[in-house]
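*Asks:* I have a structure I would like to understand better, so I am pasting it below and will then ask my questions one at a time.
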Amino acid sequence: MNAPASSPDPPAAPDTGRVRGWPWAEVPFPLALVALGLFTVIEATQITVPGSTNGIGPRAFPYAIGALLVVTGVAVLVGLARGQRGEAETGEDVDVEVGTDWLRVAMLVGCLLALVVLIEPLGWPIAATVLFGGAAWTLGARPLWRPLLVGALIAVVTQIVFTQALGAYLPAGPFEGVAFFG
Amino acid sequence: MGDIGLLLDGFATAMQPEYLLYALIGVILGTAVGVLPGIGPAMTVALLLPLTYSLEPTASLIMFAGIYYGGMYGGSTTSILLNTPGEAASVITTVDGNAMARAGRGAAALATAAIGSFVAGTIATVALTLVAPTVAKLAVQLGPQDYVALMVVAFLTVAALLGSSPARGLASLAIGLFLGLVGTDTLTGQQRFTFGVPALADGIDVVVVAVGVFAVGEALYVASRMRRGPIPLTPVGRAGMTREDWSRSWRPWLRGTAIGFPIGTIPAGGAEVATFLSYSAERRLSKRKEQFGKGAIEGVAGPEAANNAAAAGVLVPLLTLGLPTSATAAIIIAAFQSYGIRPGPLLFQNESALVWALIASLYVGNVMLLVLNLPLARVWVKLLQIPRPYLYAGILTFAVLGSYSVNALAVDLLLLLALGVLGWLMRRYGYPIAPAIVGLILGPLAEEQLRRALAINQGDPVALVSSPFAIVAYSSIVVLLGVGVYLKRREARASAELAAAQDRHLVGEQR
Numbered sequence: 101m102n103a104p105a106s107s108p109d110p111p112a113a114p115d116t117g118r119v120r121g122w123p124w125a126e127v128p129f130p131l132a133l134v135a136l137g138l139f140t141v142i143e144a145t146q147i148t149v150p151g152s153t154n155g156i157g158p159r160a161f162p163y164a165i166g167a168l169l170v171v172t173g174v175a176v177l178v179g180l181a182r183g184q185r186g187e188a189e190t191g192e193d194v195d196v197e198v199g200t201d202w203l204r205v206a207m208l209v210g211c212l213l214a215l216v217v218l219i220e221p222l223g224w225p226i227a228a229t230v231l232f233g234g235a236a237w238t239l240g241a242r243p244l245w246r247p248l249l250v251g252a253l254i255a256v257v258t259q260i261v262f263t264q265a266l267g268a269y270l271p272a273g274p275f276e277g278v279a280f281f282g
Numbered sequence: 186m187g188d189i190g191l192l193l194d195g196f197a198t199a200m201q202p203e204y205l206l207y208a209l210i211g212v213i214l215g216t217a218v219g220v221l222p223g224i225g226p227a228m229t230v231a232l233l234l235p236l237t238y239s240l241e242p243t244a245s246l247i248m249f250a251g252i253y254y255g256g257m258y259g260g261s262t263t264s265i266l267l268n269t270p271g272e273a274a275s276v277i278t279t280v281d282g283n284a285m286a287r288a289g290r291g292a293a294a295l296a297t298a299a300i301g302s303f304v305a306g307t308i309a310t311v312a313l314t315l316v317a318p319t320v321a322k323l324a325v326q327l328g329p330q331d332y333v334a335l336m337v338v339a340f341l342t343v344a345a346l347l348g349s350s351p352a353r354g355l356a357s358l359a360i361g362l363f364l365g366l367v368g369t370d371t372l373t374g375q376q377r378f379t380f381g382v383p384a385l386a387d388g389i390d391v392v393v394v395a396v397g398v399f400a401v402g403e404a405l406y407v408a409s410r411m412r413r414g415p416i417p418l419t420p421v422g423r424a425g426m427t428r429e430d431w432s433r434s435w436r437p438w439l440r441g442t443a444i445g446f447p448i449g450t451i452p453a454g455g456a457e458v459a460t461f462l463s464y465s466a467e468r469r470l471s472k473r474k475e476q477f478g479k480g481a482i483e484g485v486a487g488p489e490a491a492n493n494a495a496a497a498g499v500l501v502p503l504l505t506l507g508l509p510t511s512a513t514a515a516i517i518i519a520a521f522q523s524y525g526i527r528p529g530p531l532l533f534q535n536e537s538a539l540v541w542a543l544i545a546s547l548y549v550g551n552v553m554l555l556v557l558n559l560p561l562a563r564v565w566v567k568l569l570q571i572p573r574p575y576l577y578a579g580i581l582t583f584a585v586l587g588s589y590s591v592n593a594l595a596v597d598l599l600l601l602l603a604l605g606v607l608g609w610l611m612r613r614y615g616y617p618i619a620p621a622i623v624g625l626i627l628g629p630l631a632e633e634q635l636r637r638a639l640a641i642n643q644g645d646p647v648a649l650v651s652s653p654f655a656i657v658a659y660s661s662i663v664v665l666l667g668v669g670v671y672l673k674r675r676e677a678r679a680s681a682e683l684a685a686a687q688d689r690h691l692v693g694e695q696r
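The listed protein sequences correspond, in order, to chains Z and H.
Every number in the numbering used here is 100 more than the matching position in the first sequence, counting from 1.
Every number in the numbering used here is 185 more than the matching position in the second sequence, counting from 1.
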């Protein structure tokens, strides 16, 4: 048996323990929940209730959900104040011990936004190539032409399969009118 | 005896070449995504939901059933060969499964997982066949107030027992319920939370929500904390199961099934709890306790069987009551809804041919999975070696494709992106995803039943809690939560002990 291939790093200090003070990074999420809850309740008062409604109308359930959002948000905040941190989800390709790489996330979001902007004027084949190539490059695929090539291949194959075999609509962009593309 | 005849009719349908093909596509896709990191069965079914517009119900539901069962099989491959579980239900398999693989016995571990899954899947499907029609017959008598009670039970147990704290689980549920509010109120036709956006008038599409929080959320999360360095893949090894392996495996398979199926049928935390219970039972009963944590085959055979049996158990409340107890089950309900079919007690009366074909296809799918997976294990392993940048770029591309093909609206893609960011934040701060999905699907149904119940009873809220069934259901919340919390504690203790045992083991190895 060779050296332990598992657990490459020594386990860091367990983050399940009670920590004093506010974990500031975790605060905005429950605050947003409280805000969403208040918004839900206020917005629910604007829902029109038809006169014929018997029993409870269309407002009651939104009120209840708004209240649940506020209560759970406050409960999480109280838990945080008492030092109960959230445990980040684990996964095959996730290293919970490293810090968050905000730039990489922003770049991926950028790739998705590029697709949203490009899909209608330039069509799915080109927009999806940009998305795939950009996302794979962001995640570390080098050199750039390789993910772009794979992306173009996937984009063209899905365009043909979806429009021809499945009868779905995907904009073809400049390939409009080309056989098998639209 | 009528049920046997119906089941045989179901087989006659499921064995038609066309449906066999859909079942095969389903199990292959399911296994592939079970093996691939970052993709789970819930997300796969969501991505394939748009296909339901071009397939007829029987074909697509047979395919979804194949994906559902296949995903459970595939999960064990990752935990055995990568030493990092893809989902909570395969955490425990990782311990002894990967230890076996490191000792060159990966093939035996994969085999006991696959055969155990087959045995458990088949027995549990038999149990489903026997139990479901009976439950459906009883459930026909339930009124709207009883459904409200059942849904409250499902909401509370799913939310409170998943994730790192009950408050976070309930918060996730509330997010899902809010997303379910958006759209047009079914009873009065009033728009709610649509902000005047016409695209929101029909509600937020389930595909967009599920794909957003699962696929885009997962890709963003992985991007934010990507594991560096080469993929730590343990080779499969040559040696298959020996005679001794067989004799040590068959009892854990049966015990795992017996533990998994009942836990799957009740909303008490899902397959994860079943696997931990099976593991600790095997360890307690074993004469070779010292081997556990270092590659005991019982520690793979039992939990994998329990996992698959629980997956079949989840189908009982899903088909008979329309009650989803996992994210995948919730999305399968959405698939039924897209055909205008409502899972519930009437399903066995109104859609009898469909249900029995579906159940028959579960037997067929199980056999297919066994036949596919024993010889093809080495092929599946290749999937684990896909370079991660390409894998996650592909996940994003298909997420966009799936969401766009529903309505061909760019607005849906912005929504997808926003929900993806939400899914990423939820993962990062420890909010479980499944309660949100269950809330999204079940919320509108719960509201409708609640309002019907009140309308029938002239707005008297006491009627909600006074039917005998509702009383039983509400009091069972206390019991279920109590049992659930107890099981979670046991699970936490078992994994702590296990971690300690593994550390000792590793330290011993280094010396």
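No residue lacks a Cβ here, since even glycine has one placed at the ideal position from N, Cα and C.
Nothing here was measured: the structure is a model prediction, and the numbers come from that model.
For Asn493(H), is the classification buried or exposed, using 16 other Cβ atoms within 10 angstroms of its Cβ as the cut-off for buried?
*Replies:* The residue in question, Asn493(H), is buried, as its Cβ has 16 or more Cβ neighbours within 10 Å.
*Asks:* Could you name each continuous beta strand (DSSP E) segment of 3 residues or more that falls completely within the stretch 417–488 of chain H, going from the start of the chain to the end?
*Replies:* Whole beta strand (DSSP E) segments, 3+ residues: zero.
*Asks:* Look at the alpha carbon of Ala113(Z) and the alpha carbon of Glu241(H), and state the distance between them as a whole number of angstroms.
*Replies:* Any reading at Ala113(Z) is ruled out, since the residue's pLDDT is 41, under 50, leaving its predicted position unreliable.
*Asks:* Establish whether the CB of Gly693(H) and some CB of chain Z are separated by less than 8 Å.
*Replies:* Reliability of the predicted coordinates at Gly693(H) is poor, the pLDDT of 49 falling under 50, and the value obtained from them is presented with this limitation in mind. Chain Z contact via Cβ: absent.
*Asks:* Could you work out which residues of chain Z lie near Met285(H), taking near to mean beta carbons separated by less than 7 Å?
*Replies:* In chain order: nothing, as chain Z lies at least about 11 Å away.
*Asks:* What does Leu598(H) reach in chain Z if we use C-beta pairs closer than 8 Å?
*Replies:* Those within 8 Å of Leu598(H) in chain Z are Leu212, Leu215, Val216 and Ile219.
*Asks:* Given a limit of 7 Å on CB to CB distance, which residues of the stretch 171–188 of chain Z reach chain H?
*Replies:* The residues in question are Thr172, Gly173, Ala175, Val176, Gly179, Gln184, Gly186, Glu187 and Ala188.
*Asks:* Please list the terminal residues of the continuous alpha helix (DSSP H) segment that includes Arg573(H).
*Replies:* Arg573 to Asn592 is the span of the alpha helix (DSSP H), which, as asked, contains Arg573(H).
*Asks:* Could you name the residues that DSSP lists as bridge partners for Gly368(H)?
*Replies:* BP columns for Gly368(H) point to Arg377(H).
*Asks:* So what's Val212(H) in DSSP terms, helix, strand or just coil?
*Replies:* If DSSP states are grouped into helix, strand and coil, Val212(H) belongs with the helices.
*Asks:* Consider the Cβ of Phe378(H): report whether some Cβ of chain Z lies at a distance smaller than 8 Å.
*Replies:* With 8 Å as the cut-off, Phe378(H) counts as an interface residue toward chain Z.
*Asks:* For a contact meaning CB atoms closer than 9 Å, what does Val209(Z) contact in chain H?
*Replies:* Going along chain H in sequence order, the residues near Val209(Z) (Cβ under 9 Å) are Leu405, Leu602, Gly605 and Val606.
*Asks:* If you reduce the DSSP assignment to three classes, tell me which class Ala113(Z) lands in.
*Replies:* Its pLDDT being 41, under 50, Ala113(Z) is placed unreliably in this model, and the coordinates cannot settle the point.
*Asks:* Taking the DSSP output, what are the residues bridged to Met411(H)?
*Replies:* According to DSSP, Met411(H) bridges with Val194(Z).
*Asks:* Provide the residue span of the alpha helix (DSSP H) that contains Leu215(Z), from first to last.
*Replies:* Element bounds for Leu215(Z): Trp202 to Thr238.
*Asks:* Provide the residue span of the alpha helix (DSSP H) that contains Leu341(H), from first to last.
*Replies:* From DSSP, the alpha helix (DSSP H) with Leu341(H) extends over Pro329 to Leu346.
*Asks:* Determine the DSSP secondary structure at Gly669(H), reduced to helix, strand or coil.
*Replies:* Here Gly669(H) sits in helix by DSSP.
*Asks:* Kindly confirm or deny that the stretch 262–280 of chain H and the stretch 556–568 of chain H touch, where touching means at least three C-beta pairs closer than 8 Å.
*Replies:* Counting Cβ pairs under 8 Å, three or more are found: they touch.
*Asks:* Only counting the same chain, and skipping five residues up and downstream in sequence, which positions put a Cβ closer than 8 Å to that of Thr427(H)?
*Replies:* Closer than 8 Å at Cβ, skipping near neighbours: Ala293.
*Asks:* Could you tell me if Arg473(H) is buried or exposed, where buried requires 16 or more neighbouring beta carbons within 10 angstroms of its beta carbon?
*Replies:* Exposed, because fewer than 16 other Cβ atoms sit within 10 Å of the Cβ of Arg473(H).
*Asks:* Taking the alpha-carbon positions, what's the Thr279(H) to Gly301(H) distance?
*Replies:* Answer to the nearest angstrom: the Cα atoms are 16 Å apart.
*Asks:* Any beta-carbon of chain A closer than 8 Å to the one on Phe280(Z)?
*Replies:* No chain A appears in the structure shown, which is made up of the protein chains Z and H.
*Asks:* Which of the three DSSP states, helix, strand or coil, is assigned to Leu133(Z)?
*Replies:* Of the three classes helix, strand and coil, the one that applies to Leu133(Z) here is helix, per DSSP.
*Asks:* Compare the C-beta of Tyr163(Z) with all C-beta atoms of chain H and state if any pair is closer than 8 Å.
*Replies:* For Tyr163(Z), the answer is no, since every Cβ of chain H falls outside 8 Å of its Cβ.
*Asks:* Does the CB of Gln476(H) have a neighbour CB from chain Z at under 8 Å?
*Replies:* With 8 Å as the cut-off, Gln476(H) does not count as an interface residue toward chain Z.
*Asks:* To the nearest angstrom, how far is it from the Cα of Gly644(H) to the Cα of Glu632(H)?
*Replies:* Computed Cα separation, rounded: 14 Å.
*Asks:* Does the beta-carbon of Asp201(Z) have 16 or more other beta-carbons within 10 angstroms, so that it is buried, or is it exposed?
*Replies:* It is exposed - the Cβ of Asp201(Z) has fewer than 16 other Cβ atoms within 10 Å.
*Asks:* Does any residue of chain H bring its CB to less than 8 Å from the CB of Phe275(Z)?
*Replies:* No, Phe275(Z) does not count as interfacial toward chain H.
*Asks:* Is there at least one Cβ from chain H nearer than 8 Å to Ala235(Z)'s Cβ?
*Replies:* For Ala235(Z), the answer is yes, since a Cβ of chain H falls inside 8 Å of its Cβ.
*Asks:* Could you check the C-alpha separation between Glu187(Z) and Ala273(H) for me, to the nearest Å?
*Replies:* Taking the straight line from one Cα to the other gives about 13 Å.
*Asks:* Between which residues of its own chain and Ser107(Z) is the CB-CB distance below 6 Å, once the five residues before and five after are set aside?
*Replies:* Confidence at Ser107(Z) is low in this model, with a pLDDT of 39, below 50, so its placement is unreliable and the value that follows should be read with caution. The answer is none, since no qualifying residue turns up.
*Asks:* DSSP state of Gln264(Z), grouped into three classes?
*Replies:* Three-state DSSP puts Gln264(Z) in a helix.
*Asks:* What are the residues of the stretch 380–413 of chain H that lie near chain Z, defined by any Cβ-Cβ distance shorter than 8 Å?
*Replies:* Listed by position along the chain: Val401, Glu403, Ala404, Leu405, Tyr406, Val407, Ala408, Ser409, Arg410, Met411, Arg412 and Arg413.
*Asks:* With 8 Å set as the bound, which would you pick, yes or no: does the beta-carbon of Phe249(H) sit closer than that to a beta-carbon of chain Z?
*Replies:* Not one chain Z Cβ lies under 8 Å of Phe249(H).
*Asks:* Got a sec, what are the start and stop residues for the alpha helix (DSSP H) Arg287(H) sits in?
*Replies:* Arg287(H) -> alpha helix (DSSP H) spans Val276 to Arg287.
*Asks:* To which residues of the same chain is Ile277(H) closer than 7 Å at the C-beta, ignoring the five residues directly before and after it?
*Replies:* The answer, listed in chain order, is Thr460, Phe461, Tyr464 and Pro488.
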